[in-house]
Amino acid sequence: MSGLLPGGYWDSTGRLHRDFELAALTGREEELLATAGRPQTATLVTEVLSRCVRRLGGIRPVPPEVVRQLLVADRQYLLLQLRRATFGDAVRADLVCPWPECGQRVSIEFSIADVPVEPAPQPAPAYTMTLSAAALGREEARDGAVAKDGGSAEDGSSGKGDDIAGDDGAAEVVFRLPDGSDQEALSDRLARNEAEALTALLTRCVLRIGTGGPPDADRIARLSTVARAEIEEHMRRVAPRVEQTMEARCAECGRTFVAPFDIQRFFLGQLRTDGRLLYQEVHYLAYHYHWSEREIMDMTRDKRRTYIEVLADAIEVLNSGAR
8 MSGLLPGGYW
18 DSTGRLHRDF
28 ELAALTGREE
38 ELLATAGRPQ
48 TATLVTEVLS
58 RCVRRLGGIR
68 PVPPEVVRQL
78 LVADRQYLLL
88 QLRRATFGDA
98 VRADLVCPWP
108 ECGQRVSIEF
118 SIADVPVEPA
128 PQPAPAYTMT
138 LSAAALGREE
148 ARDGAVAKDG
158 GSAEDGSSGK
168 GDDIAGDDGA
178 AEVVFRLPDG
188 SDQEALSDRL
198 ARNEAEALTA
208 LLTRCVLRIG
218 TGGPPDADRI
228 ARLSTVARAE
238 IEEHMRRVAP
248 RVEQTMEARC
258 AECGRTFVAP
268 FDIQRFFLGQ
278 LRTDGRLLYQ
288 EVHYLAYHYH
298 WSEREIMDMT
308 RDKRRTYIEV
318 LADAIEVLNS
328 GAR
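Residues 8 to 330 (the numbering used here) make up the sequence shown, in order.
What follows is the structure, given as structure tokens:
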């Protein structure tokens, strides 16, 4: 399977790699996912994609360190395509109707091809923006009033804003978009404290504020609420996106609702539930064909099941003739 990433990977020479070749999961990857226990999801995604992405632009093979630096949306998109290659295009999910007076279980079906994907408007390794006067706490203040972020309007002080403004009173912010390395580093912190994790994410992704170097966590914490909101919004606007919500209709009450669709958890959860079935298939093929475990585990799911179907048909013919 081949395709084009919605964002792409920038190498150290400034070259963008977007086209990819992807191989379906074999029994090896299925076993890894089925027996992984409860590791960090992002780490597991890196491992699986590094095994299944055969080529990325001019990079072949694709090592884990490259997969780790792929944008979040690119990793989600690859998981969608890997799911399609392994299970097919149709997706069925069981949900619970969120309306309080209903609460019935609902089954929704959709096609992976119908999941909205928005490419990055202008792919770049880093982006530059300028914070507004409001973000710097420089709104006009009369009669010696205190500016938004503290400090006096009369003496030109603006508290947090002065810490990041350049000589012209403006503040340029240079940032990169979040990638798999951020997911791996911050997943535990996100589960404990979302606000703290967001500050840590900005610390990792903001490369420069004003004329200074890379900011530390304290400097990010000193940004005004407006400044942080502007940076986050600009990140959202320039990033590629894979839709992670689906509209569903409850067959019981007839009302529609928007359901979250966590691509990583859905895909990995689906494979984990099939762990026992994987070993049953290996046993069945090894018993009848006398193939080694390695030979069977190197097969894709479709190939294993094709042999099982052929074998089942042959056994049925033999049993019919014996009656």
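Built from N, CA and C at the ideal position, the CB exists for glycine as well.
Quiz prompt | E323 burial status per 10 Å Cβ neighbour count (16 or more: buried) | solution = As a first step, residue 323 is located in the sequence shown; it is residue number 316 there, counting from the start. A residue is called buried when at least 16 other Cβ atoms come within 10 angstroms of its Cβ; E323 does not meet this threshold and is exposed.
Quiz item: Beta carbon of E36, beta carbon of V55: below 7 angstroms?
Solution: The sequence position of residue 36 within the sequence shown is 29, counting from 1. The sequence position of residue 55 within the sequence shown is 48, counting from 1. A distance below 7 angstroms separates the beta carbons of E36 and V55.
Quiz prompt | W106 and C260 closer than 7 angstroms at C-beta | solution = Taking the first residue of the sequence shown as 1, we reach residue 106 at position 99. Taking the first residue of the sequence shown as 1, we reach residue 260 at position 253. Against a cut-off of 7 angstroms, the Cβ pair of C260 and W106 comes out as a contact.
Quiz item: Cα separation between E38 and G282?
Solution: Translated into positions along the sequence shown, residue 38 becomes position 31. Translated into positions along the sequence shown, residue 282 becomes position 275. Distance between the alpha carbons of E38 and G282: 7 angstroms.
Practice problem: Under 8 angstroms by Cβ, that's how I've got A92 and S118 pegged, so tell me the actual separation to the nearest angstrom. | Solution: Residue 92 sits at position 85 when you count from the first residue of the sequence shown. Residue 118 sits at position 111 when you count from the first residue of the sequence shown. With 8 angstroms as the limit, A92 and S118 do not qualify as a contact, their Cβ atoms being about 14 angstroms apart.
Quiz item: CA-CA distance, R308 and I227?
Solution: In the sequence shown, residue 308 corresponds to position 301, counting from 1. In the sequence shown, residue 227 corresponds to position 220, counting from 1. Annotation: R308 to I227 spans about 47 angstroms, alpha carbon to alpha carbon.
Practice problem: Flag this pair as yes or no: are the beta carbons of F182 and L230 separated by less than 7 angstroms? | Solution: Along the sequence shown, read from residue 1 onward, the residue named residue 182 stands at position 175. Along the sequence shown, read from residue 1 onward, the residue named residue 230 stands at position 223. Annotated as distal: F182 and L230, with beta-carbon spacing of 7 angstroms or more.
Quiz item: Name the DSSP beta bridge partners of W17, please?
Solution: Here residue 17 is taken as the residue at index 10 of the sequence shown, counted from 1. Note: W17 sits in a beta bridge opposite L23.
Practice problem: Inspect the beta-carbon positions of S188 and R99 and report whether they are closer than 7 angstroms. | Solution: By 1-based counting over the sequence shown, the position of residue 188 is 181. By 1-based counting over the sequence shown, the position of residue 99 is 92. Cβ distance not < 7 angstroms, so S188 and R99 don't count as in contact.
Practice problem: Pull up the distance between the alpha-carbon of Q47 and that of L11, whole angstroms please. | Solution: Looking up residue 47 in the sequence shown gives position 40. Looking up residue 11 in the sequence shown gives position 4. So the two alpha carbons sit approximately 27 angstroms from each other.
Quiz item: By DSSP, does E203 sit in helix, in strand, or in coil?
Solution: Here residue 203 is taken as the residue at index 196 of the sequence shown, counted from 1. Reduced to three states, the DSSP call for E203 is helix.
Quiz item: Mind checking whether L86 and I270 have CB atoms under 7 angstroms apart?
Solution: As a position in the sequence shown, residue 86 is number 79, starting the count at 1. As a position in the sequence shown, residue 270 is number 263, starting the count at 1. Yes.
Practice problem: Could you tell me whether the Cβ atoms of R22 and G15 are closer together than 7 angstroms? | Solution: The sequence position of residue 22 within the sequence shown is 15, counting from 1. The sequence position of residue 15 within the sequence shown is 8, counting from 1. No; because the gap between Cβ atoms is not below 7 angstroms, this pair is not in contact.
Practice problem: Enumerate, from N- to C-terminal direction, the unbroken beta strand (DSSP E) stretches of 3 or more residues contained entirely within the region 51-97. | Solution: Listed in chain order, the complete beta strand (DSSP E) runs (minimum 3 residues) inside the region 51-97 are 60-63.
Self-check item: Burial state of L325 (16 or more Cβ within 10 Å)
Solution: The residue labelled residue 325 in the question sits at position 318 within the sequence shown. Label assigned to L325: exposed.
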